[in-house]
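A.B. asks: First the structure, then my questions, so here it is.
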């Protein structure tokens, strides 16, 4: 999974940003893993005025869309 420290060599992005979010899909890296098919994580790595954490969404590649997991 991507980490905030991955931005260290990218100038001042890590310091200056108010919000940093990463997208991560396990099945992009491990095609044989059927359990994580079309699950995407939005990793909120930095947020100056709020909480950080991870939100799981469903990735719908046929229409290039993310959907709430509750609507699966």
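In this note's numbering, the protein residues as written are 44 to 115. Glycine included, each C-beta is placed from N, C-alpha and C at the ideal position. All values derive from a computational prediction rather than experimental measurement.
Report the option in 92, 71 and 89 whose CA atom is closest to the CA atom of residue 102.
C.D. replies: Per the Cα distances, 71.
A.B. asks: Give the single residue among 50, 105, 112 and 111 whose Cα lies nearest to the Cα of residue 64.
C.D. replies: When only C-alpha atoms are compared, the closest one is 50.
A.B. asks: What does the alpha-carbon distance come out to for the pair residue 82 and residue 73?
C.D. replies: Computed Cα separation, rounded: 12 angstroms.
A.B. asks: Are the CB atoms of residue 100 and residue 112 within a distance shorter than 8 angstroms?
C.D. replies: Taking 8 angstroms as the Cβ cut-off, residue 112 and residue 100 qualify as a contacting pair.
A.B. asks: Just confirm the distance between the C-beta atoms of residue 84 and residue 97, as a whole number of angstroms; I'd bet it's less than 8 angstroms.
C.D. replies: About 5 angstroms; that satisfies the 8 angstroms criterion.
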